[in-house]
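7 is the number of the first residue of the sequence shown in the numbering used here; add one for each residue after it.
The C-beta atom is built at its ideal place from N, Cα and C for all residues, glycine as well.
Note that the structure is a prediction, hence the values are computed from the model and not measured.
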Amino acid sequence: MPPPKIAQVVVDLPLESSFDYAIGATFQDKIAIGKRVKVLFNRRETVGVVVGFKDKSRFFKLNPIIDILDTNPSVSSEILKLCEQLSDYYGCSQGEAIFSYLPNALRKSQRVDIPAVSFGDTKDFSQEPKCFLLHDVTLQKSWEFIFEKTKKVLEAGKSAVFLMPSVEFIEQMELKIKEVFHVPIFILDKKLTPKQELESWLEIKKGTPCIVLGTLSAVFAPMPHLGLIVIYEEENMVYKQEQTPFLRMQKVAEFRFQIEGAQVIFSSVCPSIETYQYAKEKKWEMIRFFPEKYSAFQLIDMSNYKSQKATFLSFPLQNLIYQSLEQNKRIVLVMNRKGFTTTTRCSCGFIMRCSRCDVSMTYRYAKKKLVCRHCGEEQELPKMCPSCKAAYLHSSGGGIEKLESEVARVYPQAKVGRYDRDSERFPQESNIIIATQAITKMQSSVVFDVIALIDFDAQLNRFDFRCANKLFSLLVLLRQMAKEKLLVQTTLRNEYVLHNLEKMDFEGFYKKELMLRKELGFPPSKHLLSMMVRGKNEDFVFEQTKKIYDLLKIEASSSIDISDPHPDVVPKLRDKYRFTIVLKSKSAKNNLKLAKKALNCFKRRKDLVVTINVDP
Ligand SMILES: [Zn+2]
Ligand SMILES: [Zn+2]
Numbered sequence: 007m008p009p010p011k012i013a014q015v016v017v018d019l020p021l022e023s024s025f026d027y028a029i030g031a032t033f034q035d036k037i038a039i040g041k042r043v044k045v046l047f048n049r050r051e052t053v054g055v056v057v058g059f060k061d062k063s064r065f066f067k068l069n070p071i072i073d074i075l076d077t078n079p080s081v082s083s084e085i086l087k088l089c090e091q092l093s094d095y096y097g098c099s100q101g102e103a104i105f106s107y108l109p110n111a112l113r114k115s116q117r118v119d120i121p122a123v124s125f126g127d128t129k130d131f132s133q134e135p136k137c138f139l140l141h142d143v144t145l146q147k148s149w150e151f152i153f154e155k156t157k158k159v160l161e162a163g164k165s166a167v168f169l170m171p172s173v174e175f176i177e178q179m180e181l182k183i184k185e186v187f188h189v190p191i192f193i194l195d196k197k198l199t200p201k202q203e204l205e206s207w208l209e210i211k212k213g214t215p216c217i218v219l220g221t222l223s224a225v226f227a228p229m230p231h232l233g234l235i236v237i238y239e240e241e242n243m244v245y246k247q248e249q250t251p252f253l254r255m256q257k258v259a260e261f262r263f264q265i266e267g268a269q270v271i272f273s274s275v276c277p278s279i280e281t282y283q284y285a286k287e288k289k290w291e292m293i294r295f296f297p298e299k300y301s302a303f304q305l306i307d308m309s310n311y312k313s314q315k316a317t318f319l320s321f322p323l324q325n326l327i328y329q330s331l332e333q334n335k336r337i338v339l340v341m342n343r344k345g346f347t348t349t350t351r352c353s354c355g356f357i358m359r360c361s362r363c364d365v366s367m368t369y370r371y372a373k374k375k376l377v378c379r380h381c382g383e384e385q386e387l388p389k390m391c392p393s394c395k396a397a398y399l400h401s402s403g404g405g406i407e408k409l410e411s412e413v414a415r416v417y418p419q420a421k422v423g424r425y426d427r428d429s430e431r432f433p434q435e436s437n438i439i440i441a442t443q444a445i446t447k448m449q450s451s452v453v454f455d456v457i458a459l460i461d462f463d464a465q466l467n468r469f470d471f472r473c474a475n476k477l478f479s480l481l482v483l484l485r486q487m488a489k490e491k492l493l494v495q496t497t498l499r500n501e502y503v504l505h506n507l508e509k510m511d512f513e514g515f516y517k518k519e520l521m522l523r524k525e526l527g528f529p530p531s532k533h534l535l536s537m538m539v540r541g542k543n544e545d546f547v548f549e550q551t552k553k554i555y556d557l558l559k560i561e562a563s564s565s566i567d568i569s570d571p572h573p574d575v576v577p578k579l580r581d582k583y584r585f586t587i588v589l590k591s592k593s594a595k596n597n598l599k600l601a602k603k604a605l606n607c608f609k610r611r612k613d614l615v616v617t618i619n620v621d622p
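What follows is the structure, given as structure tokens:
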């Protein structure tokens, strides 16, 4: 075969095509598909990845490859295929998908010695690779199942990846795994420095059987002989990226199952309805582990305690707390709102808002400051109203800090502790713990006697079509974590979430939820695609969003429902205004096709960012 003359290179930009570069004589025997190269792109030195070769280019004069950065390909042919499929499904470029796979250090133009893959003694599985959905309410039995599968995978000379929703889980799991398996264990999470990440990454890539533990991006772990991917707490929203290309890790795992023949296990105390329905359609093996007995469940109808409006704690809950304290039990009060108060206003109508996001600021008691829940900006609490100079600003909308101060006042004899996402350690010594749902991280390391959910109504009334499903999953988990009793305070006692929780009727819940989603045209009955336009000038952003909308309308078929352009759920973030258009249809592919057609005709301005988010 004659040496290749032209390399097709992709870069980390939302540009669909690859770009042609001339291969100089010195590089001809070293270049290979999947290797990183240094190239000139828009007159800037950039890292690219070779995805193909060709003999002719439609351009007369080509820039040369400046340097080859890898000794062996950092991107295998399987991963290239994976990235192609991700780009087809999520509408990102192949380059963006490849660069989400690469560790941080390899996104920079430094030469790295990439190990050659060892083709050791890997055996094929005796049976076909499969996808499993473990619905495990016991929080324990799924691990027996997973470990058994892991053992087989390692015996076959292959490796396994466990995705966990948080760092706390990873730490707990690492200890468990070390007791059972004697293979190298690698941890890929955000706590690593780029150098540490690269070292582990290169070690994994060698192909020696190992176990990788990690959050999100560990799903891309580069082992050449992948045998198993486990996603623990599948229903957790952390597995959906919050920025472009908005990948959902469940989908990445499924694509790796198709391409690399690895088994996939999703495990959850209460799977999301999207996964539940999908697994049913695709005939995944569904395995259920239910406990013999559930802890007690008590509903407090808050409409009976209207006189108590100013407090978080109904009389029955107050009594329960007294009893728990007397019997030296541990009680957790869960409320999903951080901070002390959420709105600070003046009687003239002025509200303290974040200057960059236009949302009301949360008062954080510990910091004695106002904090923006979106961007983290901090402000001093002013002594007088910045608008009318009145001397008194009042606060409303309580968060867990306020609940904590109320509890500390009512039960001066108790040790009260607080736990949320930012807490560095768990308040082990406390008998009353005020927590956000971050408490679920402690599911297997701490024993809780009684758990009470304080703000059911607020959580159910969020502007999010998934809130009922999220709340049901959370309550199932809390009920299982509570040794004795779960208590819920609400004025909405007739909600199906609560009925199904009382009976622990999962099928009943899914049936109702599916019906509602169908009525409203939300996943899993339809696929969504939201196009978000961001920019500094509100009128301009809206006007441009409207232009995209008009283009969509020209191309649209009747099977796709297109929403009017509207401000995003977060209308302004970090000084940028955000407008959204949502496409809904039965086919994710058709949504994407339409969006791309419209964007191809749309003249993109430099000061405007347009992103595509495919859901689910
Ligand atoms: Zn802000
Ligand atoms: Zn005022």
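Quick one, which of 203, 199, 453 has its alpha-carbon nearest residue 489's?
Here the closest residue by C-alpha is 453.
Under the three-state DSSP convention, the category residue 344 falls into
coil
Tell me the rounded alpha-carbon separation between residue 108 and residue 94.
19 Å
By the three-class DSSP mapping on this structure, what secondary structure does residue 566 have?
coil
Looking at residue 616 and ligand 1, is the gap between the Cβ and the nearest heavy atom below 8 Å?
no
With DSSP as the reference, label residue 614 as helix, strand or coil.
coil
Using three-state DSSP, classify residue 307 as helix, strand or coil.
strand
Per-residue burial, residue 526 [other beta carbons within 10 Å of its own, 16 or more giving buried]
exposed
Going by the CB atoms, is the gap between residue 458 and residue 339 shorter than 9 Å?
yes
Does the separation of the CB atoms of residue 112 and residue 72 fall below 9 Å?
no
With distance defined between alpha-carbon atoms, name the residue in 462, 429, 155 nearest to residue 448.
429
Are residue 52 and residue 118 touching if we call contact CB-CB under 9 Å?
no
Among all residues, which have a Cβ less than 6 Å from at least one non-hydrogen atom of ligand 2, and in what chain order do they fall?
352, 354, 356, 391, 393, 394, 396
What does the alpha-carbon distance come out to for the pair residue 12 and residue 29?
So the two alpha carbons sit approximately 6 Å from each other.
Could you say which of 504, 599, 57, 10 lies nearest to residue 303 if we only look at CA atoms?
504
Cβ neighbours of residue 2 in the same chain (closer than 8 Å, five flanking residues each side left out)
The chain is shown from 7 up to 622; residue 2 falls before or after that span and cannot be answered.
Return helix, strand or coil for residue 620, following the three-state DSSP convention.
strand
On the three-state DSSP scale, how would you describe residue 132?
Unreliable placement is indicated for residue 132, whose pLDDT of 49 sits below 50; no coordinate value is reported for it.
Whole-number beta carbon distance between residue 238 and residue 273, since they are thought to touch under 8 Å
5 Å
Buried or exposed: residue 400, going by 16 or more other Cβ atoms within 10 Å of its Cβ?
exposed
Please confirm whether any heavy atom of ligand 1 lies closer than 8 Å to the CB of residue 580.
yes
Would a C-beta distance cut-off of 9 Å place residue 558 and residue 619 closer than the cut-off?
The answer is no: Cβ separation not under 9 Å.
Distance check for residue 162 and residue 132, CA to CA, integer angstroms please.
Its pLDDT being 49, under 50, residue 132 is placed unreliably by the model, and the measurement read from it follows with that caveat. The C-alpha of residue 132 lies about 10 Å from the C-alpha of residue 162.
Name the two residues that bound the continuous alpha helix (DSSP H) containing residue 167.
Unbroken run through residue 167 is the beta strand (DSSP E), 165-169; no alpha helix (DSSP H).
Measuring CB to CB, does residue 345 end up less than 9 Å from residue 248?
no
Between the region 347-363 and the region 373-386, are three or more C-beta pairs nearer than 8 Å?
Output reads yes: the region 373-386 touches the region 347-363.
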